[in-house]
Each structure stands twice: as structure tokens, then as C-alpha cells.
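Colleague:
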Amino acid sequence: SSSEADEMAAALEAELNDFM
Amino acid sequence: TPSSSDVQLTEEAVRRYLIRKPMTTKDLLKKFQTKRTGLSSEQTVNVLAQILKKLNPERKNINDKMHFYLTE
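Top line first, the protein sequences correspond to chains W and D.
The numbering used here applies: residue -11 is where the first sequence begins, and numbers increase by one.
The numbering used here applies: residue 118 is where the second sequence begins, and numbers increase by one.
1. If L146 (chain D) sits next to V131 (chain D), beta carbons under 8 angstroms apart, how far is it from one beta carbon to the other, in whole angstroms?
2. In chain W, which residues lie with their C-beta within 8 angstroms of the C-beta of V162 (chain D)?
3. Can you list the residues of chain W that S158 (chain D) reaches, using a CB-CB cut of under 9 angstroms?
4. Taking a contact to mean a Cβ-Cβ separation below 8 angstroms, would you say L172 (chain D) touches E128 (chain D) in this structure?
5. Nearest by alpha-carbon distance to R153 (chain D): which of D:Q125, D:K177, D:E159 is it?
6. Considering only C-alpha positions, which residue in the set D:V162, D:T141, D:A166 is nearest to D181 (chain D)?
7. Check whether the Cβ atoms of Y134 (chain D) and K143 (chain D) sit closer than 8 angstroms, and answer yes or no.
8. Within 10 angstroms of its Cβ, does I136 (chain D) collect 16 or more other Cβ (buried), or is it exposed?
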């Protein structure tokens, strides 16, 4: 579902934020 | 018997996509949907995060959205 995709994108961006 | 996944989430696959055109995190996740890779959502996020950290792609905003891209 698109909401799951949104959640995954948010989780991925959160992981990357520490790095970027 | 389980069918083999038709898509693999690998550094090389991500690299090829990002060389072709800039992509958002959502664009990338769409290319590696869990039903096609056989990975869980959590695995997908973790593996993709590791790959992006390693590739360290360039970033730019397009339509107010952050996109990653690589040059050859």
C-alpha cells in the first residue's frame, strides 16, 4: 500500500539523516 | 517450492538506477518492492540505507523533493 511505502521512505530517510 | 525473487537489492542495482536518473527514497523503494525481492520492509530499509551510505550519492532538490544521483 502507499502508506506502507510512505512509512518505509520515512524510516529510510531517518536512517540516512544521521549520515547526511 | 518458493519462487526465486526476480529483483535483487544490491549495490550494483542501486548504482545503475542512480546513474540513469535522480531518484527519491520512495522511487528507490518502488524499484525494490518487498514482494519482488522477498525481503521484509525492515530488511529493505536497512539494506538500502547501508548501500546509500556506501555509494554516498550526490543530492539535489527537484520539485522540492530530495533526489539522489550518481555520475559515472
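All C-beta atoms, glycine included, are put in the ideal place defined by N, C-alpha and C.
Just so you know, these numbers come straight off a predicted model, no measurement behind them.
Modeller: Working from what's here:
1. 11 angstroms between Cβ atoms; not a contact.
2. Under the 8 angstroms cutoff, chain W gives M(-4), A(-1), L0, E3.
3. Correct list: E(-8), E(-5), M(-4), A(-1).
4. In this structure, E128 (chain D) lies closer than 8 angstroms to L172 (chain D) by Cβ.
5. R153 (chain D) has its Cα closest to that of D:Q125, out of D:Q125, D:K177, D:E159.
6. Considering only alpha carbons, the answer is D:T141.
7. No.
8. I136 (chain D) comes out exposed.
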